[in-house]
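Participant: I have a structure here, written as C-alpha cells, and I will follow up with some questions on it.
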Amino acid sequence: MFVAGVLLFAAGSLAGGLATTSWWLIGSRVVQGAGGAIVAPTALSLIADTFKEGAARTRALGIYAGAAGGGGAVGLILGGLITNYFSWRWVLFVNVPIALLLAVAAPRVLAASEGRSGRLDLPGAISVTAGMTLLVYGLSRVATHAWTDALTVQTLGAGAALLVLFLIVELRSKQPLMPLTLFANRNRSGAFALRMVAGSGTFAVLFFLTQIAQNVLGYSPLKAGFAFLPLGIGVVITAQVTSRVIGRIGPRAPIMLGALAIAGGLLWLSQITDHATYVSDMLGPLVILSIGFGLVFFPTTLVAVSGAARHESGLASAVLNVSQQLGGSIGLAVLGTVAANVTKNQLLNIRPTHELISQAVTAGFTTAFGIGTIIALAGFALAALVIRVPAPRPAEVALPEAA
C-alpha cells in the first residue's frame, strides 16, 4: 500500500505539471491527495515493523513528526526556489523522480508485511468525501457571497446531509470505513480534535503569512519561502526534544504547552499592521508557533495510537492524519472567509488606494489570526479536560502495524 500510494502521488504530480486547464490541474491535485492519504498512515505503520518497541521507535516517531510538521515550511522554501528559477510546473515535476526512487527503494529496505482481507466501504467513502468537499466549498463561497445565498445554503445543507448519511452507513456497515468505536477512547478522540486545531493553525499561518510577506512586505516568492525557514527548523527541533523527554513527563503537558504557544504566536500575529517588518513582526511569532506545533504533533500521534487494538492501530493513524487535513481545510475556509469579509467591509464606500487596500487586507488577516487564537485556546482547554494519559515508559510506546 505504501508503494502504491507513492506511485499514485507521482502520477498526480506528473499530470498536474502537464496541466493546460484549471480543471485538469484540480483533478491532478485530487489524485495527489489520494496518494498522500495512502502514504501518510502507512508510513506510520511501517515504523512499527522497522523499529523495535522502546527508545528507538520513539525517536523514529519523533523524526516522523518533525518531518511532517516542518514539511509545509520547507515546501514553501523549495517551492519559492523552483518557481523563481524554473517554473511552477517543476514544483510538481520534481516529485516524480523522488517518488519513483522511493518506490524502488522501499521494497528493498522495508520488511514485507501481511495484508488483511476485506472490501472497501464504498458508500461510506463516497458520502464522506462528497460531504466534506461540499462543506469546504460552501464555507469558502461565503467569502464572496452572503450566508443567505441560495447556492451557499444548498451546498452547506447537502454537505451536512451527506455527513449524517456517512455516520448512518458506518453504524450499519459490517466493514466500516471508519469504525465509530475508534472514538470510544477519550484520549484518542481528544488527539484527533487537537490535530484538527493544529491543522487549522498550520494552514492559516502558511497561507496568510505568505500573502503578507508578498503583498505587504513586498517579498518575492523566493524570499517569502525563506521567511518560513525558522518555522520548519523549530518544528523539527522541538519534535526531537519532545520525543526524548515524553517518556518521563507524558504527552499531556507538552500538548497543553504547545496549544498555549500556538495561541501566543497567533495573538502576536494579530497585532501586525501594514507597516510590519519581518524581524519585529513575523520572526518572533514564527519561532513561537514552531515550538507549539512541535509540541503538539508528536504527543498527539502517541496518544492516538496508544491502546488501539492491533488491527485498529493503522486506522487510528489514518484518522489522525485526516483530522489534521480536515482541520486545515475547514479552518482555512472559515478564516479565509472572515478575512475576505473584513477586507471587503473596510473598502466599502471609499475610493481605494494602494495604502488603503494594504490596510484593509492586513486587517482581514489580523482578524483571522485573532479568531485562530481563540481556537488554539479552546485546544488548550480540550487538552486539559480530555487528555488523561499517564507518563509512559519507553517500552510502552506502541505504533501501528504495517499496512
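Residues 5 to 407 in our numbering are what the sequence shown spells out, letter by letter.
For each residue, glycine too, the CB sits at the ideal point set by N, CA and C.
Counting C-beta neighbours from all protein chains within 10 Å, is the total for S310 16 or more, i.e. buried, or is it exposed?
Facilitator: Counting Cβ neighbours within 10 Å, S310 comes out buried, since at least 16 surround it.
Participant: What does the alpha-carbon distance come out to for the pair A15 and V157?
Facilitator: Near 36 Å, if we compare the C-alpha coordinates of V157 and A15.
Participant: At a cut of 8 Å, does the stretch 354 to 361 reach the stretch 153 to 168 through at least three beta carbon pairs?
Facilitator: No: fewer than three Cβ pairs fall under 8 Å.
Participant: Does N345 come out as helix, strand or coil in the three-state DSSP assignment?
Facilitator: In this structure, N345 counts as helix in the three-state DSSP scheme.
Participant: Helix, strand or coil for R256, going by three-state DSSP, please let me know.
Facilitator: Three-state DSSP puts R256 in a helix.
Participant: From A208 to A188, what does the alpha carbon distance come to, in whole angstroms?
Facilitator: So the two alpha carbons sit approximately 30 Å from each other.
Participant: Given a cut-off of 8 Å on the beta-carbon distance, is the pair G238 and V390 in contact?
Facilitator: Not a contact, by the Cβ cut-off of 8 Å.
Participant: Between V43, F196, R145 and W27, which lies nearest to V342 when the distance is taken from Cα to Cα?
Facilitator: Comparing Cα positions, the closest option is R145.
Participant: Leaving aside the five residues before and after I295 along the sequence, list all residues of the same chain whose C-beta is less than 7 Å from its C-beta, in chain order.
Facilitator: G238, T242 and A265, listed in sequence order.
Participant: Is DSSP giving P180 helix, strand or coil here?
Facilitator: Of the three classes helix, strand and coil, the one that applies to P180 here is coil, per DSSP.
Participant: Please list the terminal residues of the continuous alpha helix (DSSP H) segment that includes S17.
Facilitator: Note, S17: alpha helix (DSSP H), F6 to G21.
Participant: Considering only their Cβ atoms, is the gap separating V78 from G128 smaller than 8 Å?
Facilitator: No.
Participant: In whole angstroms, give me the CA-to-CA distance for L186 and Q329.
Facilitator: One C-alpha to the other measures close to 19 Å.
Participant: Consult DSSP for T156 and reduce its assignment to one of helix, strand or coil.
Facilitator: Three-state DSSP puts T156 in a helix.
Participant: With a cut-off of 8 Å, do at least 3 Cβ pairs link the stretch 266 to 274 to the stretch 370 to 387?
Facilitator: In short, these stretches touch, since the Cβ pair count reaches three.
Participant: What did DSSP end up calling Y223 once you bin it into helix, strand or coil?
Facilitator: The answer is coil: DSSP assigns Y223 none of H, G, I, E or B.
Participant: Going by other Cβ atoms of all chains shown within 10 Å of its Cβ, with 16 needed for buried, is R112 buried or exposed?
Facilitator: Flag for R112 reads exposed.
Participant: Hey, how far is the Cα of A71 from the Cα of A202?
Facilitator: Answer to the nearest angstrom: the Cα atoms are 15 Å apart.
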